[in-house]
Amino acid sequence: MMFCKESISYEMDSLIYLVISFFRGMFQLCMVLY
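In our numbering, the protein residues as written are 117 to 150.
Shown next as structure tokens:
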């Protein structure tokens, strides 16, 4: 139970990090274009 819960939270953390890095990359791209 505990291991399963930690695995899910780790998946969420990596997903959130991926989204944040994606938006940061898009923001930098917009700054470069404009």
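Glycine included, C-beta positions come from ideal geometry on N, C-alpha and C. Bear in mind that the values here come from a model prediction, so they are computed numbers and not experimental data.
* So what does DSSP say about Tyr-133, is it helix, strand or coil? -> Here Tyr-133 sits in helix by DSSP.
* Quick one: Cα of Tyr-133 to Cα of Leu-145, how far? -> The straight-line gap from Cα to Cα measures roughly 18 Å.
* To do: Would you tell me roughly how many angstroms separate the C-alpha atoms of Ser-137 and Glu-127, rounded to the nearest one?
  => When rounded, the distance between both Cα atoms is 15 Å.
* To do: Go ahead and pull the three-state DSSP assignment for Tyr-126.
  => Tyr-126 falls in the helix class under three-state DSSP.
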